[in-house]
Amino acid sequence: MIEHLNPETLHRNMAFTQAVSVTGPVKMVYIGGQNAVDQQGNIVGKGDVRAQTQQVLENIEKVLTAAGARPEHIIKWTVLLVQGCPLQPGFEAFQRFWGEPSKPANHFDVLCRWSGASRFPARNRCCRCRSSIGRIREVGLLLKDCEAIVNTHNEQKEVYLYEPLREQRVVGQTKKAGFQIGVRRTIAVSVEDAWAMLTSAEGLGLWLGAPLQLEPGASYQASDGATGTVSVVNPEENIRLTWLPRLHWPRASIVQVRVIPNGAKTVISFHQEHLPGPFERARMREHWTKVLDALQASLGKNRESI
């Protein structure tokens, strides 16, 4: 028996049925792809991966309830990820949904699909085709063992070759510097005062976590275990140093601190490059934002005490 399910607790999708229940020797429930929408069809948690994952899981649970099943009956997930999407918040939502430990019978499939097509004109010598299967294979070998398909529509033979797209960079990733993050803030202080704070014992404790002799070649070890070496110091302009945490990063990152005059105010900027990946990029964005919060608060107190 086949039953199509559209629970009243979910927004009705005009494109497909929310679930199909198939009852035979066993009962199987196939759930349609769920989006982060509430019962009224409103998108929940725009830009918030954790909130959107939670909404999707709640929708799945409602479908299962309508089918007479429970989350522990799930035997397979298919998860489609948008390139560049931060995974950790979504995983945390999954953990809260399942509880600890996660159900051992479940699969977690991550599907990343890319496809591309390139059309080569018949006048291109490497792609001429004379309807010979052997020649088609030869064309494929000439072009990185791609799959060759011949289209003889209107008696014009064209060879289409399909191959994976080249590696595509995501937000925050560059070709030379890898993943990087930049955080800046304009604060109502002079460049001199901003620089004095950054290079003072108090300021160094806030943004570096270690006392440091600010001169090229000086090394440091922060209280959290991070180590590095100063490479550039331009007074009242910028500091450049390496920064390697105790975590197993493949190489040291590079941190550059700048003070930039902006009228009667100053822009304080932290830029970090050669980060291992998107997770570390997100974590360091949060870190430098908190550093700027602390610096701004400290500069404000100093002004009030003058």
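Just so we're aligned: 12 in my numbering is position 12 of the sequence shown, and the numbers increase by one with no gaps anywhere.
Note that the Cβ used here is the ideal one computed from N, Cα and C, for glycine as well.
What you are looking at is a predicted structure, and each value in this text was computed from that prediction instead of being measured.
Go ahead and pull the three-state DSSP assignment for Asn59.
Here Asn59 sits in helix by DSSP.
Would the stretch 278-286 count as touching the stretch 191-207 if we require 3 or more Cβ pairs under 8 Å?
Segments in contact, no.
Provide the residue(s) that pair with Phe307 in DSSP beta bridges, ordered along the chain.
Because residue 307 is not part of the residues shown, which for the chain are 1 to 306, the question remains open.
Cα-Cα separation between Val49 and Gly225, rounded to whole angstroms:
Each residue's CA atom was taken as its position, placing Val49 and Gly225 some 30 Å apart.
Buried versus exposed, by CB contacts within 10 Å (16 or more), Gly24:
By the neighbour-count criterion, in which a residue is buried when 16 or more other Cβ atoms sit within 10 angstroms of its Cβ, Gly24 is exposed.
Helix, strand or coil for Met28, going by three-state DSSP, please let me know.
For Met28, the three-state secondary structure derived from DSSP is strand.
Coarse secondary structure for Gly45, derived from DSSP in three states
If DSSP states are grouped into helix, strand and coil, Gly45 belongs with coil.
Would DSSP call Arg285 helix, strand or coil?
Arg285 falls in the helix class under three-state DSSP.
Could you have a look at Gln54 and say whether DSSP puts it in helix, strand or coil?
Helix.
Excluding the five sequence neighbours on either side, which residues of its own chain have a C-beta within less than 7 Å of the C-beta of Gln52, listed in chain order?
The beta carbon of Gln52 is closer than 7 Å to those of Ala36, Val44, Gly45 in its chain, skipping five residues each way along the sequence.
Range of the contiguous beta strand (DSSP E) that encloses Trp243
First-last of the beta strand (DSSP E) with Trp243: 238-243.
Taking just the CA atoms, how far does Gly182 sit from Leu10?
Roughly 41 Å between the two C-alpha positions.
With a Cβ-Cβ cutoff of 7 Å, do Leu214 and Thr227 count as a contact?
Their beta carbons are not under 7 Å apart, which means Leu214 does not touch Thr227 by this criterion.
Tell me the rounded alpha-carbon separation between Ile74 and Phe94.
Within the model, the alpha-carbon separation for Ile74 versus Phe94 is close to 13 Å.
Between Thr229 and Leu241, which are expected to be in contact by the criterion C-beta below 8 Å, what is the C-beta distance as a whole number of angstroms?
Their Cβ separation, rounded to whole angstroms, is 6 Å, which keeps Thr229 and Leu241 in contact under 8 Å.
Determine the extent of the alpha helix (DSSP H) in which Val191 is found, giving its start and end residues.
Annotation: the continuous alpha helix (DSSP H) that includes Val191 extends over 191-199.
Which of the three DSSP states is assigned to Ser298 in this structure?
The answer is helix: DSSP assigns Ser298 an H, G or I state.
Should Ala19 and Ile2 be called a contact, given that it needs their Cβ atoms to be closer than 7 Å?
The criterion of a C-beta distance shorter than 7 Å is not satisfied by Ala19 and Ile2.
Need the endpoints of the beta strand (DSSP E) that Gly178 sits in, please.
Unbroken beta strand (DSSP E) run through Gly178: 178-187.
Around the C-beta of His274, are 16 or more other C-beta atoms found within 10 angstroms, so that it is buried, or is it exposed?
Label assigned to His274: buried.
Can you list, in chain order, the residues of its chain whose CB lies under 7 Å from that of Gln40, leaving out five sequence neighbours each side?
Non-local C-beta neighbours of Gln40 in its own chain, meaning closer than 7 Å and more than five positions away in sequence, comprise His11, ordered along the chain.
Looking only at DSSP bridge pairs, what is His4 linked to?
According to DSSP, His4 bridges with Val20.
Which runs of the alpha helix (DSSP H) spanning at least 4 residues fall entirely within the stretch 244-280, listed in chain order?
With a minimum length of 4 residues, there is no unbroken run of alpha helix (DSSP H) contained wholly in the stretch 244-280.
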